[in-house]
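In full-length UniProt numbering, the protein residues as written are 1 to 310.
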């Protein structure tokens, strides 16, 4: 391309030549470019001087493409066709991306909170397609290539546009079947998310630290979603963050274990990311998510221990 730009200062002679060859006349090319017919002749002559060959065979009946002219016309047609296909693809993706909203969230949030609401979301936002960027483990930092992120933050921490999604409330949860089958006061089967120290159980529940009691068993998971699934399957007790488990508790698929919940000083927050111009659809979606969680928390009040502070 550098060699081309050194030899040819402008693409216009090529475009004028292509039009004249395609239309079969210099006068048609002049009309298409809104220039005079002599100007078309000058552009073609400029190319012929540079290439050292005649691109048209001039006859009394008119001009016809020479062999070299047909070769050049074919090359220009192929090149311009490739450019137009690329432009069309870029524009198609841009139009598609205008309807895409991307979220940086945990896999457990998508699996247990968002996925059951996708049908309702599509009814509320039929023109939007969600793209989930899943994070594993404790989520820190804000990516720039997404629209919204769910992160845990202190109430005083602020970003450009934020929406408080849910208080950080944690309580031990299990399936109803696990509690029904556990008829003694012996140890529990703990389903522990290994990104936290085991001492978190003592801080956030009245079950103590795994291993404190005879008969305790502790299985560790590096994926919180899998730990919750094990609890749903009746395999033991997991710590349940309300930002993920609210619907599971309301449906009765999980139940509180013990009489205490832990309410931290932090909140789960929706944060608008990226460096582009704010999109109002992103704010609308954030508010929709907040409203759905508010509905959950309102329904959960009779179910949760008073220490949850809901």
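Idealized CB from N, CA, C, for every residue including glycine. Since we're looking at a predicted model, the values are computed, not measured.
Ranking 279, 281, 270 by CA distance to the CA of residue 167 puts 270 first.
Restricted to the segment 171-218, the alpha helix (DSSP H) segments that are unbroken, complete and at least 4 residues in length are 176-181, 200-204, listed in chain order. Residue 146 and residue 133 have their C-alpha atoms roughly 8 Å apart. DSSP, read as helix, strand or coil, puts residue 87 in helix. When secondary structure is reduced to three states using DSSP, residue 251 falls in the coil class, being assigned neither helix nor strand.
Residue 4 is bridged by DSSP to nothing; it lacks a bridge partner. Per DSSP, reduced to three states, the secondary structure at residue 164 is strand. In this structure, the straight-line span from the alpha carbon of residue 208 to that of residue 238 is close to 13 Å.
Around the beta carbon of residue 44, a 10 Å sphere encloses 16 or more other beta carbons of the protein chains shown; the residue is thus reported as buried. By the beta-carbon neighbour count (other beta carbons within 10 angstroms, threshold 16), residue 272 is buried. Within the segment 96-155, the runs of beta strand (DSSP E) that reach at least 3 residues and sit entirely inside it are, in chain order, 100-106, 129-135, 148-153. Under DSSP, the beta-bridge partners assigned to residue 237 are 190. A direct Cα-Cα distance of roughly 6 Å separates residue 193 from residue 220. Under the three-state reduction of DSSP, residue 257 is assigned to coil, being neither helix nor strand.
DSSP, reduced to helix, strand and coil, places residue 271 within a strand of the structure shown.
Membership of residue 59 in the beta strand (DSSP E) is indicated by the continuous run 56-59.
Judged by DSSP in its simplified three-state form, residue 292 adopts helix.
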